[in-house]
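Asker: All residue numbers for the sequence shown refer to this note's numbering, where the first residue is 665 and numbers rise by one. In this text, a Cβ means the ideal position worked out from N, Cα and C, and glycines have one as well. It should be emphasised that the depicted structure is a prediction, and the values quoted were computed from it without experimental measurement. Okay, here's the structure, questions in a sec.
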Amino acid sequence: EKVNYPLLCELTLIVLIIIVFLVSGFLGLFVLAASTATGIYCISLGVRRTNMMGCLLLSVIILYLL
């Protein structure tokens, strides 16, 4: 049993995009694109994604406390 992983990844991405669009519309697609770009940017800079997530969470916590 050989699994075609590139096809599986493409189908998963398409299903994910469709679900995001159906649930939250164009704003959801914008957030999906921005979060994907943030994740790719972290990887390209060599920064751990947990550090980036911590920075994002801290800024959101401060926003809601003020």
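Taking the continuous alpha helix (DSSP H) assigned at Glu674, which residues delimit it?
Answerer: Run containing Glu674: 669 to 709, per the alpha helix (DSSP H) assignment.
Asker: Please report the residue range of the alpha helix (DSSP H) in which Leu730 lies.
Answerer: Counting along the chain, Leu730 falls outside any alpha helix (DSSP H), and DSSP gives it neither H nor E.
Asker: From Leu672 to Ile678, what does the alpha carbon distance come to, in whole angstroms?
Answerer: In a straight line, the C-alpha of Leu672 is about 10 Å away from that of Ile678.
Asker: Cβ of Leu696 within 9 Å of Cβ of Leu686?
Answerer: Result no, Cβ atoms of Leu696 and Leu686 do not sit closer than 9 Å.
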